[in-house]
Amino acid sequence: DIRLDQSPSQVKIPGLSVKVSCIISGYSMTSNNIHWIRQKPGKGLEWIGRMNTGSGTDVIYADSLKGQFTLTEDVSTSSQFLEAKSLRSEDNAVYYCARETQTLKLVKQMYKNPLFVSH
């Protein structure tokens, strides 16, 4: 079975940092990129960024969140990490790691190219 197991929930106060882990099993970690997404209470999904697994450096972040998060990895333990420094109350959310698939690529493309229609 393919699994992505995340670290338990955490409660932090503003100004502190947090590091969330995503442990990958059931497939070779380096065969798929890993994306990080969050969902604030009562809101939709928000794409944070993705790491080209195995590269250690090929990372893309959402323009609106650049500088707020850092993605890292440890291939030896099949783990990826999302670190947030200087937490703010608006960072309160459920954070997800997700294996890249064609569907996820499409969702990311939709997020990066929104359409606004006004009357």
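Reminder that position 61 of the sequence shown reads as 61 in the UniProt record's numbering, one-by-one numbering, no gaps.
From the three backbone atoms N, C-alpha and C, an ideal C-beta is built for every residue, glycine too.
Residue environment analysis places Glu90 among the exposed positions, since fewer than 16 neighbouring C-beta atoms fall within 10 angstroms of its C-beta. Residue state for Ser7 is assigned as coil, using DSSP reduced to three classes.
By the Cβ rule, the segment 52-65 counts as touching the segment 21-37, because three or more pairs are nearer than 8 Å. Cβ neighbours of Ser78 within its own chain (closer than 8 Å, five residues either side excluded): Ile23, Ile24, Ser25 and Met29. The alpha-carbon separation between Gly44 and Ser64 amounts to approximately 15 Å. Taking every protein chain shown into account, the CB of Tyr95 has 16 or more other CB atoms within 10 angstroms, so this residue is buried. In this model, Lys19 and Leu82 are separated by some 6 Å (Cα to Cα). Per DSSP, reduced to three states, the secondary structure at Ser86 is coil, with no helix or strand assignment. With respect to the C-alpha of Thr57, the residue from Glu46, Glu73, Arg3 and Thr101 having the closest C-alpha is Glu73. DSSP links Ala98 through a beta bridge to His35.
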